[in-house]
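Trainee:
In my numbering, the protein residues as written are 167 to 348.
So, in structure tokens, the structure goes:
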């Protein structure tokens, strides 16, 4: 098992604080010394997990941008991809662990905010390409609304495990049509 996969498993199961380096070492089948050869500390591992998620999201957006000339289709497709979650998904647990760590750890908070800004900038660039006549303020507000809707889905799944995620995602996609209509 690769180190980041092991970290995901440990953080989802035991929480960030409960998953010590010895547990990470055992799960990854690596010595603690080897882990420290790759990462300075657990914070760096968390930041690497976030970086991997952001990189995958941005690569997906770039591919869609290159394949279609419809901003609504790009945003709807990416929303569907991002929302492929179900109740009990370890990605949700990890997201909440990272969010909690942000409130305690300025380095993790800084990294998360930088990644969030990077994703937002990419979304703004894509939207501006198709809606060049819109003001920066309008684009910003609409991208923030989209990001809020998508990032709120994991919370809704935790609060309502029986949530009809497919129906909700389709409603969000309908709202994307309204938000980004000419």
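Note that CB positions come from ideal geometry on N, CA and C, so glycine has one too.
1) According to DSSP, simplified to helix, strand and coil, what is residue 253?
2) State the CB to CB distance for the pair residue 292 and residue 240, rounded to an integer number of angstroms; the pair is presumed to be in contact (CB under 8 Å).
3) Which one of 265, 321, 309 has the shortest CA to CA distance from residue 148?
4) Runs of 4 residues minimum, wholly inside the stretch 239-298: which ones carry the alpha helix (DSSP H) assignment?
5) Using DSSP with H/G/I as helix, E/B as strand and the rest coil, what is residue 208?
6) With a threshold of 16 other CB atoms inside 10 Å of the CB of residue 191, please say whether the residue is buried or exposed.
7) Would you mind working out which of 348, 337, 344, 345 sits nearest residue 246, comparing C-alpha positions?
8) Give a yes or no on contact between the stretch 271-288 and the stretch 326-333, applying the rule of three or more CB pairs nearer than 8 Å.
9) Three or more beta-carbon pairs under 8 Å between the stretch 200-216 and the stretch 175-188, yes or no?
10) What residues in its chain sit with their C-beta under 6 Å from that of residue 346, if we drop five residues either side in the sequence?
11) Can you tell me whether residue 263 is buried or exposed, with buried defined as 16 or more other CB within 10 angstroms of its CB?
12) Count the other CB atoms, across all protein chains shown, that sit within 10 Å of the CB of residue 280; report buried if there are 16 or more and exposed otherwise.
Mentor: A quick look at the data gives this:
1) Residue state, collapsed to three classes: coil.
2) Contact between residue 292 and residue 240 holds, with the beta-carbon distance rounding to 6 Å and staying under 8 Å.
3) Residue 148 lies beyond the residue range present for the chain, which begins at 167 and ends at 348; the question has no answer from this structure.
4) Within the stretch 239-298, the alpha helix (DSSP H) runs of at least 4 residues that lie entirely inside it are, in chain order, 256-270, 272-296.
5) DSSP places residue 208 in helix when its eight states are reduced to three.
6) By the Cβ neighbour-count rule, residue 191 is buried, with 16 or more other Cβ atoms within 10 Å of its own.
7) Per the Cα distances, 337.
8) Touching, no, given that fewer than three Cβ pairs across the two stretches are closer than 8 Å.
9) Contact between the stretch 200-216 and the stretch 175-188 is present, because at least three Cβ pairs lie under 8 Å.
10) Apart from the 5 residues on each side of it in sequence, residue 346 sits with its Cβ closer than 6 Å to the Cβ of 237, 238 in its chain, given in chain order.
11) Buried is the call here.
12) The residue in question, residue 280, is exposed, as its Cβ has fewer than 16 Cβ neighbours within 10 Å.
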